[in-house]
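*Asks:* This is the structure, below, for whatever I ask next.
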């Protein structure tokens, strides 16, 4: 029930019912995703993480994921494969013995 | 194999091996997500969608999803439920008969 | 020496020496500005405002302003006039008696 | 009349009349700036640069500049100096003979 492929199908069905595929080129989807990530960020503006509204966070993170699903579809990216490949790559950029307990960027480790 | 819960577990295992939970408050995770969404956007800067590098897009969209998974975990949000609730809400904001074939924002329909 | 028009001329001279006007449509400039604002934000990721690197902040805020100058030029916007018109409009959205000492958005005042 | 220092003073007067300095730590100002840059970007979503609403662009670019002025003040950055130092640095990263007519990032020239 929380399979990415199923969620992606539901987002695509929403889109197709509105005939929006014509607008969904990858560049504009990346714009949309970035804009939604900013709206999510706005939940935390001027406040401590704990003071942010959980209902609003849930709505905005959903928008981020919906655009991620749509952009992945349009760019023919398998998201599960992409995440696993990136975690593997990040493991090399941030080896445990160097990165443990440090928030520095990889080029500063 | 593309279940969100599994991917989330893998992202958390990566994080915990590096003892990074201490940095991962929701506010900074939202910053991280927004920064990654911008790096994804950079794949398309100055160019047509078709000219963007697919390898780079795959890497950056993976980072976006990894932060989404981590932030959802930290904010105790069920992502599949959040996406479905939002698609339902968007169906009300963008009714098919009004929104079909139009890219306008809901308050302009 | 800190006149916006002069700074804008210097940014345009830099651009024209490289024959970059051809890439500078307003949409891509807005992408560039958003990406630079994110790089500025990254100076503060995982850390308290005081721990951010002032040299890096200065570089990134400069990039933000350079793109702002270029986009304003391309969109034929007088920035000083735009700021003053917006401060006036914000004064109406955030009247002193309602907004004083509160960080809420105008629709929540 | 378009001097940065004057505009900065006007933005600070707006802020101080509302007693908002208490919220304006550099980290949250950087969040605010990034959010406004995203709202500016939204003017161009799903459309060609020419189709964007010039009134909206003017308002949003003003917000970006207002936050830039406030953050520069809080971080004790001289914006004119920052822009000139960055243009100089960019001249080294993008030498005319290599960068002319090319939109590539400096590490790909």
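Chains as they are written, first to last, in our numbering: chain A, 1 to 109; chain B, 110 to 218; chain C, 219 to 327; chain D, 328 to 436.
Idealized CB from N, CA, C, for every residue including glycine.
#1: Counting contacts by CB-CB distance shorter than 7 Å, is residue 232 of chain C in contact with chain B?
#2: At which residue ranges does the stretch 130-184 of chain B contain complete alpha helix (DSSP H) runs of 4 or more residues, listed in the order of the chain?
#3: Pair every Cβ in the stretch 231-238 of chain C with every Cβ in the stretch 264-274 of chain C, then say whether three or more of these pairs are closer than 8 Å.
#4: Less than 7 Å between CB atoms is the rule here; does residue 266 of chain C satisfy it with respect to chain B?
#5: Near residue 356 of chain D, which residues of its chain fall below 8 Å by C-beta distance, leaving aside the five closest residues on each side in sequence?
#6: By Cβ distance below 8 Å, which residues in the same chain neighbour residue 274 of chain C in space, the five residues on each side in sequence not counted?
#7: Thinking C-beta only, is residue 41 of chain A closer than 7 Å to residue 143 of chain B?
#8: Would residue 28 of chain A pass as an interface residue toward chain D - the criterion being a Cβ-Cβ separation below 7 Å?
#9: Hey, is residue 359 of chain D's beta-carbon within less than 7 Å of any beta-carbon in chain E?
#10: On a CA-only basis, which of D:337, D:428, D:405, D:391 is nearest residue 225 of chain C? Give me that one, please.
#11: Quick check on residue 213 of chain B: does DSSP put it in helix, strand or coil?
#12: Can you give the beta carbon distance from residue 304 of chain C to residue 426 of chain D, rounded, assuming they're within the 8 Å contact cut?
#13: Is residue 5 of chain A buried or exposed, if buried means 16 or more other CB atoms sit within 10 Å of its CB?
#14: Just mark residue 92 of chain A as buried or exposed, buried being the case when its beta carbon has 16 or more other beta carbons within 10 Å.
#15: Can you give me the C-alpha to C-alpha distance between residue 36 of chain A and residue 221 of chain C, rounded to a whole angstrom?
#16: Which residues in the same chain as residue 421 of chain D place their Cβ atom closer than 6 Å to its Cβ, once the five residues preceding and following it in sequence are excluded?
#17: Output yes if chain B places a C-beta closer than 7 Å to the C-beta of residue 105 of chain A; else output no.
#18: Label residue 58 of chain A either buried or exposed according to how many other C-beta atoms from any shown protein chain fall within 10 Å of its C-beta, with 16 as the threshold for buried.
#19: Assuming residue 270 of chain C contacts residue 353 of chain D (C-beta within less than 8 Å), just tell me the rounded distance between them.
#20: Let's see if you can read the secondary structure: which residues bound the alpha helix (DSSP H) around residue 331 of chain D?
#21: Determine, for residue 35 of chain A, whether the minimum Cβ-Cβ distance to residues of chain D falls below 7 Å.
#22: Measuring only between beta-carbons, confirm whether residue 218 of chain B sits less than 7 Å from chain A.
#23: Nearest to residue 240 of chain C by alpha carbon, out of D:337, D:428, D:435?
#24: In whole angstroms, what separates the C-alpha of residue 108 of chain A from that of residue 217 of chain B?
#25: Within 6 Å: the Cβ of residue 313 of chain C and any heavy atom of the ligand ZN?
*Replies:* In short, the structure shows the following:
#1: no
#2: 135-151, 163-183
#3: no
#4: no
#5: 394, 397, 398, 401
#6: 261
#7: yes
#8: yes
#9: Going by chain labels, chain E is absent from the structure shown, which instead holds the protein chains A, B, C and D.
#10: D:405
#11: coil
#12: With 8 Å as the limit, residue 304 of chain C and residue 426 of chain D do not qualify as a contact, their Cβ atoms being about 34 Å apart.
#13: exposed
#14: exposed
#15: 35 Å
#16: 433
#17: no
#18: buried
#19: 7 Å
#20: 331-344
#21: yes
#22: no
#23: D:428
#24: 48 Å
#25: Of the ligands one can find in the structure shown there are none, so the ligand ZN has no counterpart to examine.
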